[in-house]
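This report refers to the structure that appears directly beneath it.
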C-alpha cells in the first residue's frame with residue numbers, strides 16, 4: 019500500500035475523530051460544571067491532536083509521495099515489546115510517584131522511543147500533559163491523585 023493511500027485512509031479517520039471530539043465537546047457543555055471538566059478537557063485535546071494530524075496528512079497527500087511503506091514483522095514485534103515494557107514501567111512508576119508525574123514520563127518515553135518524535139516536541143508534549151493533569155485533578159477537581 020502506498021504512503022499516499024495510507025495517509026488518505028488516516029485522513030478519513032482524522033475527520034471522524036474531529037467530528038467525535040466536537041460532538042463530545044458539545045455534549046459536555048450540557049453537564050454540570052464539575053462533571054463536564056474532564057470530557058471538555060479530553061475533547062479539546064483530541065480535537066487539537068486530530069486537526070494537527072489531519073493537516074500533517076494533507077501535506078503528505080499533496081506532496082504525492084508514492085514510495086511503498088515496508089512494515090516488517092520483526093519491527094512490529096519490537097514495537098509490541100517496547101509498548102509492553104513502557105506500560106510495565108508506567109505501572110511501577112505509579113507506585114513511587116503521583117499520576118500527574120508518571121504520566122508525562124510515560125508520554126515522553128512513548129513519543130521519543132516508539133513514535134520516533136524529536137526530543138523537543140516530545141518534552142513539550144510530556145510537560146504539557148503533566149501540567150494539564152495537575153491543573154485538572156489537583157487544582158480544579160481537588161482530587162489529589
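In the working numbering, the protein residues as written are 19 to 163. Glycine is no exception: its CB is placed at the ideal position from the N, C-alpha and C atoms. Given the structure is predicted, the values throughout are model-derived calculations rather than measurements.
Under the three-pair Cβ rule at 8 Å, the segment 105-114 does not count as touching the segment 137-144.
Residue state for residue 60 is assigned as helix, using DSSP reduced to three classes. By the criterion of a C-beta distance shorter than 7 Å, residue 70 is surrounded by no residue of its chain, once the five residues flanking it on both sides are discounted.
Contact between residue 123 and residue 55 is ruled out by a C-beta separation of about 24 Å, above the 8 Å threshold. If you keep only unbroken alpha helix (DSSP H) runs of at least 4 residues inside the segment 88-140, you get 91-114, 117-127.
When the five nearest sequence neighbours on each side are left out, no beta carbon in the same chain lies closer than 8 Å to the beta carbon of residue 134. Exclusion of the five residues before and after residue 104 leaves 124, 127, 128, 131, 132 as the residues of its chain whose Cβ lies within less than 8 Å of its Cβ.
In the three-state reduction of the DSSP assignment, residue 154 falls in the helix class, which pools H, G and I. The beta carbons of residue 36 and residue 68 sit closer together than 7 Å.
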